[in-house]
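To keep things clear, I will list the structure first and then write my remarks on it.
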Ligand code: C2E
Ligand code: MG
Ligand code: MG
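Numbering (this note's numbering), first residue to last: 1 to 410.
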């Protein structure tokens, strides 16, 4: 006979639970378990593991994973139906991971572990899904754990490096700032881009020390360029949600400035739109404290979140960075044209500078210029480069803009 072992976890339960009192939270859990019991067969077992985790045992199900899949989707639909509590209506989505005896394991232990891994994989890809165990899941999980371990053992000043990407003024063509972008010198796959490790860094909390390091290093580097006699430019540093929320960001910035003796006006922090929108008034408080230190702020990935105009007006920021996804298909895509030009004029009305990120082509530059965008960043001008490539760029520009000697001028 077959046996189905299924891990079930509610995706947004914690969020809903936190907004309810204890009794309502318990009754929500009770409703959910009753729905699950009603959705399975009379011999099947639903057991509560605590929190919002359940294990469902499908006893002697049809020997066909499609049918089992359909049974499990019945559980998910039962769970997701709206539930009314204290006059409010909630929808709970769930992530299910299934392992089937005999294919996916011969012991209860293996089956549970594999179902758990499948559930984890459903969560990882955004939740609200059902995943059947396959051996690759364990390989992925192992890879992730290895990566996390390597990340944990990494020493920032030795294993991480910042690259810098120029930001240029569209009118003068001059580079006035660089964005610091972190890279990991990974023992197995070389120089790894942030997409490979920022998610685990966020999840594990390690983003905070790494982010602090990036902040200090960017300030140190910028001051070193200035001390070498190069024309001063600003450096912009990305701030992650956790760094920002764990409220030591203000102290961390103050420390990085003091340590490097960089003039605060040459440091700008990039905060993402979703970050500042989520935290509301508290975010504004923190932003004001940061402004108090003399640094500038910008909103990164602008257009991907849902800023309300009224919120935007209250943010003490200098610049908006139009997200690359709206620039990519310019000038052909009609929607992107509309978004890009709307953001540019919105910025102008609010007295903010606007920079387009991810600009790659002449046509994009032409569109931005026609629409009076102030600034751009992207492969069109330069990819992110190692720190030692920046002086040459700055010097070339200084020479080009210097008044020419008299004899050459004729
Ligand atoms: P972001 O802040 O939006 O940075 C812009 C990303 O777009 C960079 O990717 C950059 O290399 C890439 N990019 C720039 N111009 C172009 C272009 O013309 N075409 C294309 N296709 N891409 C372009 P990168 O370096 O991989 O960084 C990705 C993200 O990782 C950043 O997005 C930022 O959110 C995050 N990140 C990078 N460094 C740090 C850091 O020190 N701390 C934190 N918390 N996050 C960081
Ligand atoms: Mg950025
Ligand atoms: Mg961005």
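Idealized CB from N, CA, C, for every residue including glycine.
Quantities reported herein were computed from a predicted structural model and do not represent experimental measurements.
Cβ-heavy atom distance between residue i and ligand 2 below 8 Å?
{"i": "residue 270", "result": "yes"}
{"i": "residue 321", "result": "yes"}
{"i": "residue 357", "result": "yes"}
{"i": "residue 304", "result": "no"}
{"i": "residue 179", "result": "yes"}
{"i": "residue 107", "result": "no"}
When DSSP labels each residue in this structure, what does residue i get in the three-state scheme?
{"i": "residue 95", "result": "strand"}
{"i": "residue 324", "result": "helix"}
{"i": "residue 220", "result": "helix"}
{"i": "residue 42", "result": "coil"}
{"i": "residue 176", "result": "strand"}
{"i": "residue 213", "result": "helix"}
{"i": "residue 183", "result": "strand"}
{"i": "residue 18", "result": "helix"}
{"i": "residue 343", "result": "helix"}
{"i": "residue 48", "result": "strand"}
{"i": "residue 380", "result": "coil"}
{"i": "residue 352", "result": "coil"}
{"i": "residue 319", "result": "strand"}
{"i": "residue 357", "result": "strand"}
{"i": "residue 411", "result": "This structure leaves residue 411 out entirely; the chain is present only between 1 and 410."}
{"i": "residue 28", "result": "helix"}
{"i": "residue 238", "result": "strand"}
{"i": "residue 68", "result": "helix"}
{"i": "residue 402", "result": "coil"}
{"i": "residue 54", "result": "strand"}
{"i": "residue 170", "result": "coil"}
{"i": "residue 197", "result": "coil"}
{"i": "residue 10", "result": "strand"}
{"i": "residue 233", "result": "coil"}
{"i": "residue 189", "result": "coil"}
{"i": "residue 134", "result": "coil"}
{"i": "residue 150", "result": "helix"}
{"i": "residue 312", "result": "helix"}
{"i": "residue 145", "result": "helix"}
Using the C-alpha atoms, what's the distance from residue j back to residue i?
{"i": "residue 81", "j": "residue 124", "result": "23 Å"}
{"i": "residue 122", "j": "residue 131", "result": "6 Å"}
{"i": "residue 51", "j": "residue 25", "result": "11 Å"}
{"i": "residue 21", "j": "residue 147", "result": "39 Å"}
{"i": "residue 327", "j": "residue 307", "result": "19 Å"}
{"i": "residue 92", "j": "residue 33", "result": "12 Å"}
{"i": "residue 216", "j": "residue 159", "result": "15 Å"}
{"i": "residue 409", "j": "residue 393", "result": "For residue 409, the predicted structure reports a pLDDT of 46, less than 50, and the residue's modelled location is therefore unreliable. A value from the coordinates is still provided. Spanning the two alpha carbons is a distance of roughly 24 Å."}
{"i": "residue 183", "j": "residue 285", "result": "31 Å"}
{"i": "residue 298", "j": "residue 395", "result": "27 Å"}
{"i": "residue 344", "j": "residue 177", "result": "19 Å"}
{"i": "residue 73", "j": "residue 143", "result": "29 Å"}
{"i": "residue 295", "j": "residue 214", "result": "16 Å"}
{"i": "residue 134", "j": "residue 193", "result": "28 Å"}
{"i": "residue 10", "j": "residue 23", "result": "18 Å"}
{"i": "residue 232", "j": "residue 390", "result": "12 Å"}
{"i": "residue 49", "j": "residue 368", "result": "56 Å"}
{"i": "residue 365", "j": "residue 332", "result": "13 Å"}
{"i": "residue 15", "j": "residue 90", "result": "11 Å"}
{"i": "residue 362", "j": "residue 167", "result": "16 Å"}
{"i": "residue 322", "j": "residue 162", "result": "22 Å"}
{"i": "residue 97", "j": "residue 70", "result": "14 Å"}
{"i": "residue 312", "j": "residue 304", "result": "14 Å"}
{"i": "residue 254", "j": "residue 248", "result": "10 Å"}
Shorter than 8 Å, the distance from the beta carbon of residue i to the closest heavy atom of ligand 1, or not?
{"i": "residue 379", "result": "yes"}
{"i": "residue 240", "result": "yes"}
{"i": "residue 246", "result": "no"}
{"i": "residue 350", "result": "no"}
{"i": "residue 237", "result": "yes"}
{"i": "residue 278", "result": "no"}
{"i": "residue 203", "result": "no"}
{"i": "residue 3", "result": "no"}
{"i": "residue 162", "result": "yes"}
Compute the minimum distance between the beta carbon of residue i and the heavy atoms of ligand 3, and state whether it is under 8 Å.
{"i": "residue 300", "result": "yes"}
{"i": "residue 353", "result": "no"}
{"i": "residue 383", "result": "no"}
{"i": "residue 91", "result": "no"}
{"i": "residue 324", "result": "yes"}
Exercise for the section: Just list the alpha helix (DSSP H) runs in the region 82-131, keeping only unbroken ones of 4 residues or longer that don't cross its boundaries, in chain order. Expected result: 108-124
Practice task
Write down every uninterrupted run of the alpha helix (DSSP H) in the region 248-306 whose length is 4 residues or greater and which is fully enclosed by it, in chain order.
Solution key: 249-260 and 273-292
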